[in-house]
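Numbering (my numbering), first residue to last: 1086 to 1252.
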């Protein structure tokens, strides 16, 4: 019963059920899968690794199934911390800032290791190569961490840039 209404499907099932030759009848409803959590960020469509729909004449579904996972997880959990071990991460980036980890056990700029982890004023990460609380990029060559952090946990549905896997 292609393109049938719900009423006509139920009527057909009831007619089959009423036939003495039929032991059991029920509708086999098929419905299209509608993504509930696909991101609306301007560059989301170009992020083929998240939800590949066959862009540039390539096979569809060659992706990490992020959109399908988002339908189940709503983009991740705020209780999970993702560590980016890389160079600088731009704190003020519109896709990074909303999901940036903030160490609430530390008071910024007081010169004290408040949380006792051996790092002074490590409010937003730590630069282990420079032994510094400054993790923002400091040179043009110190910026790889920002796109890595964005791919992992960039904010989604904020009308800016991309969507991270665990937004």
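A virtual CB, placed ideally from N, CA and C, is assigned to each residue, including glycine.
Remember, predicted model here, so these are calculated numbers, not experimental data.
Could you give the DSSP three-state label for residue i: helix, strand or coil?
i	result
residue 1212	strand
residue 1093	helix
residue 1129	helix
residue 1194	coil
residue 1088	coil
residue 1251	coil
residue 1200	coil
Between the Cα of residue i and the Cα atoms of the options, which residue gives the shortest distance?
i	options	result
residue 1177	1245, 1154, 1146 and 1145	1245
residue 1238	1201, 1167 and 1192	1167
residue 1113	1195, 1098 and 1146	1098
residue 1186	1196, 1201, 1198 and 1169	1169
residue 1250	1087, 1094 and 1180	1180
residue 1242	1093, 1128 and 1110	1128
residue 1219	1225, 1226, 1228 and 1207	1207
residue 1247	1136, 1094, 1093 and 1109	1136
residue 1173	1198, 1226 and 1145	1226
In the DSSP output, which residue or residues are listed as bridge partners for residue i?
i	result
residue 1105	Per DSSP, none; premise fails for residue 1105.
- Query: Mind pulling the alpha helix (DSSP H) runs of 4 or more residues that sit fully within the stretch 1145-1185?
  - Reply: 1151-1158
Fill in: alpha helix (DSSP H) segments (min. 4 residues) lying fully within the stretch 1212-1240
1230-1238
Validate contact between the stretch 1150-1166 and the stretch 1120-1140 using beta carbons, cut 8 Å, 3 pairs | yes
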